[in-house]
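Q: If you scroll down you'll find the structure; I have some questions about it.
Chains as they are written, first to last, in the working numbering: chain A, 1009 to 1438; chain B, 1009 to 1438.
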């Protein structure tokens, strides 16, 4: 996607939301702290973007025994870089990531796969690794062919600029309509020692990841086993990017990659206290980045969390998604309108046609103020509710099936639907 | 929903869309032609709407042996009038419909059911029929309690104003955010004689009916058997209101009712040429009304049809809905942007994670111009495409699984996503 003319939203603090507090054993370093030991990165402008902004990023892990894990979009029209990375890479031992913005290389058929393979080969050569050790990630307009020559030129330039402080350049090279940077440099205190945890992340629209995310790259100098990397990334992606939605639109290119260099010398044993604490840190980091993506949702003003409890997991999930993706709920959120009837409507659409003729037992609370009990309106302080929905973050709580059947529980973070979402998406070909 | 300050869209001709031509044996009468024989109607302002506009409508069939059929929303939080009509009415032999706008009587619990029952009893008394012969339909804001006293006052006033030319008043009483009237007075030439077919219909937002519609009332003076009424309404609703979407939001109150008085003396025998021709007329009428609803979609500028063909019915349906409800496709439609990459994205989200590593074979054409073949971009005349998507009606054709597997086929009509949709829904509590 091409960049919008001006930033729309001020930058947010990483742990700025009440929904993602910073764990005590995690400290934020300055964004100029550089990558964890064992990693180098670069980002350059290769000419893919007509604006001349950075568009090719290269990330290399210099460890003799790197460990990694990856998650990709579940789209049935996944882009060439996703298909190639998923099928042809050693995902548990990646040594490099080649990322580009300005072109998604999606809906490009066999030509797209061949183009992706060419850039994978070139990146392998430039980084001195095997092609199967290079994961690919692209983001940008769908349907355009990848300008391979430009990418090759970018790989060459980037490979000569790789450095431990290259994460800011790499970040710039993966951004598209993002209004602000989603990047982190953390220090994590574990029982066996202190490790570093960095991330570069992009995403503002076409966001409703399923078992994956928009582009997010995470590096640590902790020494992980492959199963541990797989477990930690899998669980944390499910609790973060999978739980957020800007517009309910699954991308063709979502990719999340965790890489570990082991350069700190701190080994994370499976099922150890170290693993638990590192998992907590990764969980907090990815949830914070996911909230930042929602807050940077194209045109987003307010953001919200819907928390659904009930007797049955599938219904709870369907209800949470239906509320988060309802344009009626999202416009009410935008307008600061305490219009909870629209929540009841969205719930009803998600749990269609129950056999009983009675109204569905359904409790709704907004910012802690109960407004609907057992499917019917109850008395509440309308002025207090009207004030509560003016907040920058609004929480909706829904209980299905009456209070006695609270077993399953889920949450989805989402943005509002604003004039600017329409403007960004109707006026720019993205 | 409260009425918007000004109409947003000019009125449309009933058969004005290329997707719903008028069958040759169907003629449009003037909108002052009155109801078919055997029907009377009225609409009054009872004070439910603060604007003082009409809000209570009464429709009565005076036939000694009326025949009817009904369809309702499949929402799990269906409104009280839907629950009561579905469970307590003789839906195959209705003699009256009581409809109100300004209050949906949804999310109102047992109190809402009792309130609905009171108005049903009052309407029965006023019309001189049994309560089980009176269907109820409400539309308006969800969560407000029905102002029963106002409705009773309205029933009393309406019952004294019932007349054969009352359909325009009835129509006004069921409208909410509608920018223009969706009403029809038709004459249908059948082999056994000529019959009348009228309809009053409302709907502009919260529209993605599932096995039902927004409010739509159809009257004919043909003499139908109950099974025939059931069959015709069922098939025609599935091909019309079920195939359209403004915002993908299933309403709590969708209701469609077909009533036949038999006053014409033309009896429709099952499986006769008469049945076929009447079915064609009803089909054309309901499809034309559905398109009018989409064209009147809150803030709608352009409307579109997505036509999906492929090997498997479930996938075809999922893909058509995904495209029609995609905010990215809808904003591109609004902006007149030939951004077919977003169609590929929506298709991919609907058919997730195929086993094969190859791109999904997918053909896309816009306004007859092929742009994507077997999942990859092909050469096309970009200027011609850019002109084509400026039309008021845009058609997208999608073929799944390559050209050899074209078996299932479906269509969905949908509106664009505009600034005005956000304005209507963010600034007015509806």
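Note that the Cβ used here is the ideal one computed from N, Cα and C, for glycine as well.
All values reported here derive from a predicted model rather than from experimental measurement.
1. Could you please give me the residues that DSSP links to residue 1190 of chain A through a beta bridge?
2. Could you work out which residues of chain B lie near residue 1168 of chain A, taking near to mean beta carbons separated by less than 7 angstroms?
3. Looking at the secondary structure, which residues open and close the alpha helix (DSSP H) in which residue 1088 of chain B lies?
4. Just curious, the alpha helix (DSSP H) that residue 1360 of chain A is in, first and last residue?
5. List, from N- to C-terminal side, the alpha helix (DSSP H) runs of 4 residues or more that fit wholly inside the region 1312-1383 of chain A.
6. Apart from the five residues just before and just after residue 1152 of chain B, which ones in its own chain have a Cβ nearer than 7 angstroms to its Cβ?
7. Using the three-state DSSP reduction, which class does residue 1051 of chain A fall into: helix, strand or coil?
8. Does the count of Cβ pairs from the region 1331-1338 of chain A and the region 1048-1061 of chain A closer than 8 angstroms reach three?
9. Would you mind reading off the limits of the alpha helix (DSSP H) that contains residue 1257 of chain B?
10. Mind listing which residues of the region 1077-1089 of chain B have their C-beta closer than 9 angstroms to chain A's C-betas, in chain order?
11. Measure from the C-beta of residue 1162 of chain A to each C-beta in chain B and report whether the shortest distance is under 8 angstroms.
12. In chain B, what lies closer than 9 angstroms to residue 1427 of chain A by C-beta?
13. Which of the three DSSP states is assigned to residue 1418 of chain B in this structure?
14. Exposed or buried, residue 1351 of chain B, counting other C-beta atoms within 10 Å across all chains shown (16 or more means buried)?
15. Taking Cβ-Cβ distances below 8 angstroms as the criterion, which residues of the region 1246-1260 of chain B are in contact with chain A?
16. Please decide whether residue 1342 of chain A counts as near chain B, where near means a Cβ-Cβ distance under 8 angstroms.
17. Counting along the chain, where does the beta strand (DSSP E) carrying residue 1147 of chain A start and finish?
18. Suppose you measure from the CA of residue 1164 of chain A to the CA of residue 1294 of chain A; what does that come to, to the nearest Å?
19. So the candidates are B:1235, B:1302, B:1399, B:1198; which of them puts its Cα closest to the Cα of residue 1281 of chain B?
20. Pick from B:1300, B:1285, B:1022, B:1061: whose alpha carbon is nearest that of residue 1421 of chain B?
21. Look up residue 1111 of chain A in the DSSP assignment and say whether it is helix, strand or coil.
22. Check the Cβ of residue 1335 of chain B against every Cβ in chain A and list those closer than 8 angstroms, keeping chain order.
23. Does any C-beta atom of chain D lie closer than 8 angstroms to the C-beta of residue 1380 of chain B?
24. Among the residues of its own chain, which have a CB less than 7 angstroms from the CB of residue 1148 of chain B, if the five just before and after it don't count?
25. Would you report the Cα separation of residue 1023 of chain A and residue 1319 of chain A, rounded to the nearest angstrom?
26. Quick one: is residue 1155 of chain B buried, meaning 16 or more other Cβ sit within 10 Å of its Cβ, or exposed?
27. So, residue 1271 of chain B versus residue 1029 of chain B, is the Cβ gap smaller than 8 angstroms?
28. Residues of chain B with CB under 7 angstroms from residue 1370 of chain A, in chain order?
29. Smallest Cα separation from residue 1408 of chain A: which of A:1034, A:1347, A:1279, A:1324?
30. Mark residue 1363 of chain B as exposed unless 16 or more other C-beta atoms lie within 10 angstroms of its C-beta, in which case mark it buried.
31. Tell me whether residue 1197 of chain A sits in a helix, a strand or coil according to DSSP, three-state version.
32. Along the chain, where does the beta strand (DSSP E) containing residue 1164 of chain B start, and where does it finish?
33. Does any residue of chain B bring its CB to less than 8 angstroms from the CB of residue 1222 of chain A?
34. Among A:1177, A:1187, A:1381, which has the Cα closest to the Cα of residue 1207 of chain A?
35. Please classify residue 1182 of chain B: is it buried, with 16 or more other beta-carbons within 10 angstroms of its beta-carbon, or exposed?
36. What does the alpha-carbon distance come out to for the pair residue 1098 of chain B and residue 1237 of chain B?
A: Checking against the coordinates, here is how it stands:
1. A:1209
2. Going along chain B, no residue has its Cβ under 7 angstroms from residue 1168 of chain A, so there is no contact; the nearest lies around 33 angstroms.
3. 1088-1096
4. Run containing residue 1360 of chain A: none; DSSP gives neither H nor E here.
5. 1321-1333, 1335-1343, 1349-1358
6. 1111
7. strand
8. no
9. In the DSSP annotation of this structure, residue 1257 of chain B is not part of any alpha helix (DSSP H), being labelled neither H nor E.
10. Of all residues in the region 1077-1089 of chain B, the ones placed with a Cβ closer than 9 angstroms to any Cβ belonging to chain A are 1081, 1082, 1083, 1084, 1085, 1086, 1087, 1088, in chain order.
11. Judged by the 8 angstroms Cβ criterion, residue 1162 of chain A is not in contact with chain B.
12. Per Cβ cutoff of 9 angstroms: 1427, 1430, 1431, 1434.
13. strand
14. buried
15. 1255, 1256, 1257, 1258, 1259, 1260
16. yes
17. It spans 1142-1147 - the beta strand (DSSP E) in which residue 1147 of chain A sits, taken as one unbroken run.
18. Computed Cα separation, rounded: 31 angstroms.
19. B:1198
20. B:1300
21. Of the three classes helix, strand and coil, the one that applies to residue 1111 of chain A here is coil, per DSSP.
22. 1255, 1256, 1257, 1335, 1425, 1429, 1433
23. Reference to chain D is not applicable here, since the protein chains of this structure are A and B.
24. Around residue 1148 of chain B: 1009, 1109, 1110, 1111, 1112, 1184.
25. 32 angstroms
26. buried
27. No, Cβ-Cβ distance for residue 1271 of chain B and residue 1029 of chain B is not below 8 angstroms.
28. Per Cβ cutoff of 7 angstroms: 1085.
29. A:1324
30. Residue placement at residue 1363 of chain B is poorly supported in this model, since its pLDDT is 47, which falls under 50; the coordinates are not used for a value here.
31. strand
32. Boundaries for residue 1164 of chain B: no beta strand (DSSP E) harbours it, while the alpha helix (DSSP H) harbouring it runs 1156-1167, taken from the DSSP string.
33. So, not an interface residue.
34. A:1177
35. buried
36. If I take the Cα positions, the gap works out to 14 angstroms.
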